[in-house]
Amino acid sequence: MGKGVLDRTPAAPAALDILAQQVVAACVPHEWPEEQLLELARKAWPYRDLTKEDLDRVIAVHSQGRRALLHRDGVGGRLLATKRARMAALLSGGAIPDTADYQVRQEPEGTLVGTVNEDWAIESNGGDIFQLCNTSWRILRVETGVVRVADAKGQPPTLPFWLGEAPGRTRELAAEIATLREEAGGQDSSAAFLRAACGPALPEGAALQVAEYVEAGRRALGTVPTQQRVVLERFFDESGGMQLVVHAPFGSKINRAWGLALRKKFCVGFGFELQAAANEEAIVLSLGPQHSFELGDVFDYRWRWNAQRSLMLERSRNGKKVPAALLRMRADDLLAGAFPQVLACPETLAGGPIEVPMDHPIVRQTVEDCLTEAMDVHGFLEVIQALQDGRIERRAVDTVEPSAFARGILSAQPYTFLDDAPLEERRTQAVMARRTLDAKTADTLGALDPDAIARVREEAWPQPASAEEVHEALLWMGYVTASEGQAWSEWLDALAAEGRVSREGDRWFATEASREPKAVLRGRMEALGPISSDDPLLVHLDAEGVVLRVRIDGRAAWCDRRLLARIHRYTLDRLRKEIEPVTAAQFLHFLAGWQHVDPAHKLEGPRGVAAVVEQLAGFEALAPAWEGSILPARVRSYKREWLDQLTLSGEVTWGRLWGAGLAVPRRTPISLVLRQDLEAWAALAATTVRPELREEARAVHEVLSARGAMFAQELARAARLPAVSVEIALAELVALGRATCDSYGGLRWLLVSASRRRASNLSAGRWSVLRVEPDTDASPADFVARQLLRRTGVVFRKTVVRERLPVPWRDVVRACRQMEARGDIRGGRFVAGFDGEQYALPDAVTQLRAVRRRGLVPPPTHLAIRPGDPLDLPLTPAPPPRVAVEPLVPAVFQSATW
Numbered sequence: 003m004g005k006g007v008l009d010r011t012p013a014a015p016a017a018l019d020i021l022a023q024q025v026v027a028a029c030v031p032h033e034w035p036e037e038q039l040l041e042l043a044r045k046a047w048p049y050r051d052l053t054k055e056d057l058d059r060v061i062a063v064h065s066q067g068r069r070a071l072l073h074r075d076g077v078g079g080r081l082l083a084t085k086r087a088r089m090a091a092l093l094s095g096g097a098i099p100d101t102a103d104y105q106v107r108q109e110p111e112g113t114l115v116g117t118v119n120e121d122w123a124i125e126s127n128g129g130d131i132f133q134l135c136n137t138s139w140r141i142l143r144v145e146t147g148v149v150r151v152a153d154a155k156g157q158p159p160t161l162p163f164w165l166g167e168a169p170g171r172t173r174e175l176a177a178e179i180a181t182l183r184e185e186a187g188g189q190d191s192s193a194a195f196l197r198a199a200c201g202p203a204l205p206e207g208a209a210l211q212v213a214e215y216v217e218a219g220r221r222a223l224g225t226v227p228t229q230q231r232v233v234l235e236r237f238f239d240e241s242g243g244m245q246l247v248v249h250a251p252f253g254s255k256i257n258r259a260w261g262l263a264l265r266k267k268f269c270v271g272f273g274f275e276l277q278a279a280a281n282e283e284a285i286v287l288s289l290g291p292q293h294s295f296e297l298g299d300v301f302d303y304r305w306r307w308n309a310q311r312s313l314m315l316e317r318s319r320n321g322k323k324v325p326a327a328l329l330r331m332r333a334d335d336l337l338a339g340a341f342p343q344v345l346a347c348p349e350t351l352a353g354g355p356i357e358v359p360m361d362h363p364i365v366r367q368t369v370e371d372c373l374t375e376a377m378d379v380h381g382f383l384e385v386i387q388a389l390q391d392g393r394i395e396r397r398a399v400d401t402v403e404p405s406a407f408a409r410g411i412l413s414a415q416p417y418t419f420l421d422d423a424p425l426e427e428r429r430t431q432a433v434m435a436r437r438t439l440d441a442k443t444a445d446t447l448g449a450l451d452p453d454a455i456a457r458v459r460e461e462a463w464p465q466p467a468s469a470e471e472v473h474e475a476l477l478w479m480g481y482v483t484a485s486e487g488q489a490w491s492e493w494l495d496a497l498a499a500e501g502r503v504s505r506e507g508d509r510w511f512a513t514e515a516s517r518e519p520k521a522v523l524r525g526r527m528e529a530l531g532p533i534s535s536d537d538p539l540l541v542h543l544d545a546e547g548v549v550l551r552v553r554i555d556g557r558a559a560w561c562d563r564r565l566l567a568r569i570h571r572y573t574l575d576r577l578r579k580e581i582e583p584v585t586a587a588q589f590l591h592f593l594a595g596w597q598h599v600d601p602a603h604k605l606e607g608p609r610g611v612a613a614v615v616e617q618l619a620g621f622e623a624l625a626p627a628w629e630g631s632i633l634p635a636r637v638r639s640y641k642r643e644w645l646d647q648l649t650l651s652g653e654v655t656w657g658r659l660w661g662a663g664l665a666v667p668r669r670t671p672i673s674l675v676l677r678q679d680l681e682a683w684a685a686l687a688a689t690t691v692r693p694e695l696r697e698e699a700r701a702v703h704e705v706l707s708a709r710g711a712m713f714a715q716e717l718a719r720a721a722r723l724p725a726v727s728v729e730i731a732l733a734e735l736v737a738l739g740r741a742t743c744d745s746y747g748g749l750r751w752l753l754v755s756a757s758r759r760r761a762s763n764l765s766a767g768r769w770s771v772l773r774v775e776p777d778t779d780a781s782p783a784d785f786v787a788r789q790l791l792r793r794t795g796v797v798f799r800k801t802v803v804r805e806r807l808p809v810p811w812r813d814v815v816r817a818c819r820q821m822e823a824r825g826d827i828r829g830g831r832f833v834a835g836f837d838g839e840q841y842a843l844p845d846a847v848t849q850l851r852a853v854r855r856r857g858l859v860p861p862p863t864h865l866a867i868r869p870g871d872p873l874d875l876p877l878t879p880a881p882p883p884r885v886a887v888e889p890l891v892p893a894v895f896q897s898a899t900w
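Position one of the sequence shown corresponds to residue 3 (our numbering), numbered consecutively onward.
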């Protein structure tokens with residue numbers, strides 16, 4: 003709309019059901035000569051080309067039988083309304099058909115809340131909680147046409163379903179969406195392109211999700227389906243059947259017509275119809291036999307609609323609304339009279355297509371509505387013509403599991419179904435898809451695992467243990483060559499002596515086995531697995547569904563359908579093992595690399611120190627532990643000057659955020675944080691209750707609050723205290739989380755004894771008050787959740803037990819759920835043996851899979867983890883007894899024993 007592109011609204015066609023209604027209404031006040039009535043109808047634009055024959059057929063609908071609404075004077079050429087026509091025209095007229103929905107009324111007032119689908123209402127029971135509008139309702143009872151409800155007071159609801167015909171995209175909207183998706187797939191920064199193309203209506207988070215969706219689909223299929231490029235994707239399901247997805251973003255009206263045509267084509271060619279569904283962007287065909295369902299629900303309910311609008315079916319009688327069930331029954335009776343083949347027993351019908359009585363005006367109108375309103379048959383024919391002419395490109399792709407583009411149609415709602423199989427019987431329910439795909443896995447989604455191919459070839463080739471088993475194998479596998487049967491030579495000679503096998507050239511055959519070339523090739527394909535061959539008989543076997551074309555290592559090949567399904571299953575099993583939950587030992591192995599403790603992942607220099615501080619921000623450790631073990635374990639050849647450089651430049655600051663208790667400096671827990679996040683940390687720490695300051699500490703705090711950052715010497719003069727008292731006061735302020743220093747040297751200065759402090763030339767830097775005005779607009783739970791994810795990659799309850807963050811775990815989980823809904827993180831089961839919800843960063847998921855693929859390979863050196871280190875997590879089944887958090891004795895771990 004921003005571009006000024008609007009949908010085209012076509013002019014209303016000459017609806018014969020509406021014409022029948024208007025003819026009855028026109029004849030109620032007075033009689034009409036038929037010629038004048040025809041001229042009157044032609045004055046309306048939709049009926050400008052109305053023929054006399056069509057008008058005669060419409061009149062015939064209402065002028066025959068005892069309950070006719072019109073009386074026709076065939077001699078005088080006049081039309082008169084019968085006595086009952088007036089009430090029928092007044093009470094049953096209108097162009098909007100009844101949908102048979104149930105009213106929802108609140109008790110005891112009887113207030114109308116809304117409507118729900120009839121099928122859902124019938125399947126509901128008293129006590130069920132459902133949502134309608136923005137309120138939860140509890141069902142009291144279900145009556146005929148009415149659902150009585152009461153306010154459920156916010157109890158968790160379910161959502162009702164609606165069956166029927168869903169509105170579809172117009173041609174213009176479908177073209178715009180297809181073009182936008184294609185352009186986004188060709189951009190280096192798809193999210194930025196989408197934001198620029200869609201403007202402020204598309205939030206940043208939504209743009210990122212759409213970009214990831216398009217990129218995942220492009221990687222799997224090798225391209226993005228468009229209206230100039232149709233992609234056919236084929237994959238196996240868990241039952242061994244196949245799913246064929248036609249990616250065609252033409253809109254549901256065209257795709258619905260295409261899907262129904264494909265089903266009927268399969269029916270004519272193979273004698274059975276397939277389950278199928280169609281939505282705005284794709285068609286899915288489940289390759290399995292199903293019962294025929296020639297006309298579908300579309301014709302049924304549109305016939306009922308048109309019968310109502312033409313007044314053949316009265317909605318009201320004797321001033322009362324006719325129940326929906328009676329309307330359906332009477333509509334079926336009318337259909338049986340106008341189009342008896344629809345309701346006839348299939349055994350009594352002649353073979354071939356059913357002849358549709360297009361001379362009946364309401365049948366004709368219903369067929370036209372199905373083809374032009376429920377579907378777009380003209381657009382479908384244009385697409386087929388473009389495919390034949392080559393104006394639309396065609397591509398075929400075999401994948402191990404469905405691409406991102408295919409998941410929408412596989413999980414489509416009942417209104418997309420093109421057959422009568424219910425949801426629980428859909429073959430698409432047998433398709434299993436992994437929750438997340440990293441880029442590397444998506445790139446290889448269509449590749450078959452070489453190990454799986456080798457395994458299936460080995461399993462397919464017979465392994466006889468006796469001459470009888472050799473003979474049995476030759477009966478079904480066609481033949482073996484002399485080289486293939488070398489290991490069976492003794493058994494073959496014995497069977498040949500008995501006349502049960504014979505050698506023809508280089509091949510051994512069972513005597514009674516068929517020599518028909520197609521049967522022999524069929525048996526060989528069952529035993530060999532994938533092969534490359536140009537035998538023309540393979541094309542015939544492909545047409546029969548016995549073998550399938552595949553690509554192995556970029557080359558075309560043929561494979562028995564059953565064996566190919568097994569190869570796909572083995573390949574998928576390998577891929578699924580990569581996302582099975584890792585063990586606690588493997589998770590610790592991952593954490594060692596994630597937190598840079600593993601020597602292969604250690605950081606270097608000042609930027610490495612900054613990266614560690616960003617990851618461990620907010621974590622609380624004893625003051626000496628930071629430079630005694632934590633930073634040296636993560637930064638190669640750590641130097642104190644690097645941390646001083648970061649603190650003096652204002653990039654990093656330190657202080658006590660959580661808790662408040664007097665302790666000597668060496669026993670004071672300290673946190674390192676980035677100064678840019680200090681306001682968010684201050685907002686979290688503001689809830690901490692801190693004791694009153696002693697006199698000297700209060701005096702120093704007042705001076706710092708009034709004058710700002712000061713050196714220790716300046717503080718002594720301003721507070722009029724001796725140097726020793728200032729040192730004690732600063733230690734107290736640090737222990738209570740009230741003061742910090744612009745250099746980490748200030749903390750080192752407090753850690754040494756008073757005598758060494760005065761004798762040394764340690765530079766303490768300037769002291770200041772730690773508290774700042776908190777940012778009340780920030781979400782503390784969201785901030786904490788992101789920091790925890792940054793710290794451990796994967797977050798669950800056991801990873802946060804040593805954290806002192808003042809945010810409940812339930813709030814962290816709620817924030818993670820929101821981030822998962824936005825597509826920022828992944829939810830799932832990542833580490834085995836731990837209950838509760840688990841969430842992970844996408845990069846962490848990729849690294850976890852890499853750890854699982856490698857297994858528990860012992861590192862070249864042992865990893866010494868001191869108590870109190872962020873990596874010292876209680877993840878073992880029986881953790882050793884914990885001692886005071888003192889960085890004295892390291893705990894030595896080896897990955898093979900984790």
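Cβ coordinates follow ideal geometry from the N, Cα and C atoms, glycine included. Note that this is a predicted model, so its numbers are computed, not measured.
Nearest in C-alpha terms to Q617, of all of V433, V637, A602 and A625, is V637. In the three-state reduction of the DSSP assignment, L791 falls in the helix class. The three-state reading of DSSP puts T401 in coil, since its state is none of H, G, I, E or B. Contact check between the stretch 539 to 555 and the stretch 790 to 809: fewer than three CB pairs, one atom from each, fall below 8 Å, which does not count as touching. Between A193 and A209, the CB-CB gap stays under 7 Å. An exposed status is given to W47, since fewer than 16 other beta-carbon atoms sit within 10 Å of its beta-carbon. Residue state for E500 is assigned as coil, using DSSP reduced to three classes. A direct Cα-to-Cα measurement between I356 and Q343 gives close to 7 Å.
Exposure of H380 is indicated by the presence of fewer than 16 other C-beta atoms within 10 angstroms of its C-beta. For the pair W493 and V472, the CB atoms are nearer than the 7 Å cut-off.
A499 and A475 have their C-alpha atoms spaced approximately 18 Å apart.
In this chain, the alpha helix (DSSP H) harbouring H64 covers K54 to H64. By the Cβ criterion, the stretch 606 to 625 is not in contact with the stretch 256 to 272, since fewer than three pairs of Cβ atoms, one from each stretch, lie closer than 8 Å.
Note that the C-beta distance between G739 and R658 is below 7 Å. Contact between the stretch 69 to 85 and the stretch 14 to 29 is present, with at least three C-beta pairs closer than 8 Å.
L735 is the residue among Q715, A687, L680 and L735 whose C-alpha sits nearest the C-alpha of E704. Where V615 is concerned, the enclosing alpha helix (DSSP H) starts and stops at G607 to L618. Under DSSP, L134 shares a beta bridge with T137. A straight line joining the alpha-carbon of A469 with that of S504 spans about 14 Å. In this structure, R576 lies near D451, with their beta-carbon atoms less than 7 Å apart. In this structure W656 does not touch S639 by the C-beta definition: roughly 22 Å separates them, more than the 8 Å allowed.
Secondary structure of K266 (DSSP, three-state): helix. R396 sits away from V541, with the two beta carbons spaced by 7 Å or more. Taking a cut-off of 8 Å for Cβ pairs, the stretch 94 to 110 and the stretch 304 to 318 touch, as three or more such pairs fall below it. Residue environment for A602: exposed (fewer than 16 other C-beta atoms within 10 angstroms of its C-beta).
Secondary structure note for M527: its alpha helix (DSSP H) is the uninterrupted segment P519 to L530. Uninterrupted beta strand (DSSP E) stretches at least 3 residues long and entirely within the stretch 188 to 221 do not occur.
Where I364 is concerned, there is no enclosing beta strand (DSSP E), although the alpha helix (DSSP H) around it starts and stops at P363 to D371. Distances from the CA of T146 to each of R696, L723, I411 and L328 were compared; the closest alpha carbon is that of L328. With contacts defined as CB atoms closer than 7 Å, S745 and L650 qualify as a contacting pair. The beta carbons of Q820 and R831 sit about 20 Å from each other, so the pair does not count as a contact at 8 Å. In the three-state reduction of the DSSP assignment, Q108 falls in the strand class, which pools E and B. Per DSSP, A558 is one residue of the beta strand (DSSP E) stretching across R557 to D562. When C-beta atoms of the stretch 141 to 159 are compared with those of the stretch 201 to 208, fewer than three pairs fall below 8 Å, so the two segments do not count as touching.
In the assembly as shown, E582 is an exposed residue. Its beta-carbon has fewer than 16 other beta-carbons within 10 Å.
Taking all protein chains shown into account, V726 has fewer than 16 neighbouring C-beta atoms within 10 Å of its C-beta and is therefore exposed.
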